[in-house]
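Working notes, beginning with the structure itself.
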Amino acid sequence: MDLRSRSTRGEDFDAAFEARARHGMDVHGEARFVASLGVRSVLDAGCGTGRMAIELARSGLDVVGVDVDPSMLDVARRKAPHLEWALADLATLHLVDRQGRNRRFDAAVMAGNVMLFVRRGTEAAIVAALATHLQPGGLLVAGFELDAGRLTWAAYDMLCARAGLRLHERWSTWDRDVWTAASGFAVSIHRLDEAPEPFSDRSAEEGTQTYLA
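In the numbering used here, the protein residues as written are 459 to 671.
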């Protein structure tokens with residue numbers, strides 16, 4: 459990849475969504491979904507060029523956007539210089555306040571198949587890192603397509619359980635269409651336990667079965 463293509467990756471990505479919007483496609487479904495959860499502060503994990511974060515800020519939410527790609531953040535900062543953007547790898551994410559304490563949010567959101575674009579082998583570290591940035595009772599929201607060779611719903615639920623997160627809701631679209639085991643896409647909401655129970659593979663499996671019943 460030459461320097462020019464590297465520097466324009468963010469612009470190209472943003473232009474693609476702007477073109478979809480011009481053609482009447484809904485590009486703010488994720489933002490509406492998150493805004494409906496009644497949260498006040500959101501960590502947009504894998505924010506890209508800021509499409510969702512900017513829309514959430516317009517709704518009055520406090521938002522911080524994080525991405526590992528500088529070209530994406532260049533566009534986000536240009537579009538919304540008043541918002542907070544951070545360059546970071548989600549697997550090693552550590553945002554702190556002025557007192558040096560971990561910053562915590564009401565919700566952390568991974569939209570746009572983020573979990574399928576991260577480096578293989580970092581999925582557990584990412585979920586754990588995001589959990590440390592949630593308030594007690596906070597929500598981890600993730601929407602991604604099924605990839606049986608990469609990450610299944612059961613495997614994702616297990617990663618969440620290990621981080622003290624329990625399945626709260628699961629939908630097949632950001633418009634809350636009913637999810638079934640045959641769905642090819644899922645929007646999952648996991649809630650952070652205030653006092654996480656010791657993790658076991660059996661407890662994670664039983665929790666999923668109880669939810670699906």
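Think of the CB as a built atom: it goes at the ideal place given N, C-alpha and C, for glycine as much as any other residue.
As assigned by DSSP and simplified to three states, the class of residue i
| i | result |
| --- | --- |
| ASP605 | strand |
| ASP615 | helix |
| MET483 | coil |
| LEU444 | Given a span of 459 to 671 for the chain in the structure shown, any question on residue 444 remains unanswerable. |
| ARG490 | helix |
| ASP532 | helix |
| MET459 | Confidence in MET459 is poor, its pLDDT being 45 and thus under 50, which makes the residue's placement too unreliable to answer from. |
Which listed residue (the options) has its alpha carbon closest to that of residue i
| i | options | result |
| --- | --- | --- |
| GLY622 | VAL554, GLN593, PRO528 | GLN593 |
| ILE512 | GLY496, PRO528, VAL533 | VAL533 |
| HIS493 | TRP611, ALA606, ALA503, ASP520 | Looking at the sequence shown, residue 493 is not His but Ala. Closest by alpha carbon: ASP520. |
| THR466 | ALA489, ALA538, PRO528, PRO539 | PRO528 |
Beta-bridge pairing of residue i - partner residues as DSSP gives them
| i | result |
| --- | --- |
| PHE563 | LEU592 |
| GLY622 | The partner list for GLY622 (beta bridge, DSSP) is empty, contrary to what the question assumes. |
| GLY496 | Paired residue(s): none; GLY496 is not in a bridge. |
| LEU598 | ALA566, HIS648 |
| TRP637 | DSSP lists no partner for TRP637. |
| GLY523 | ASP502, TRP543 |
Residue i and residue j closer than 9 Å at C-beta
| i | j | result |
| --- | --- | --- |
| LEU604 | PHE575 | no |
| ALA565 | GLY596 | yes |
| GLU581 | LEU609 | yes |
| ALA606 | LEU548 | no |
| VAL567 | ALA515 | no |
Local Cβ density within 10 Å of residue i, reported as buried at 16 or more and exposed below that
| i | result |
| --- | --- |
| HIS591 | buried |
| ALA489 | buried |
| GLY508 | buried |
| GLY504 | buried |
| ARG498 | exposed |
| GLY506 | buried |
| ALA662 | In this prediction, ALA662 scores a pLDDT of 37, lower than 50, which makes its location untrustworthy; no coordinate-derived value is stated. |
| ASP633 | exposed |
Below-9 Å beta-carbon distance, residue i vs any chain D residue
| i | result |
| --- | --- |
| GLY622 | The question asks about chain D, but that chain is absent: this structure has only one protein chain. |
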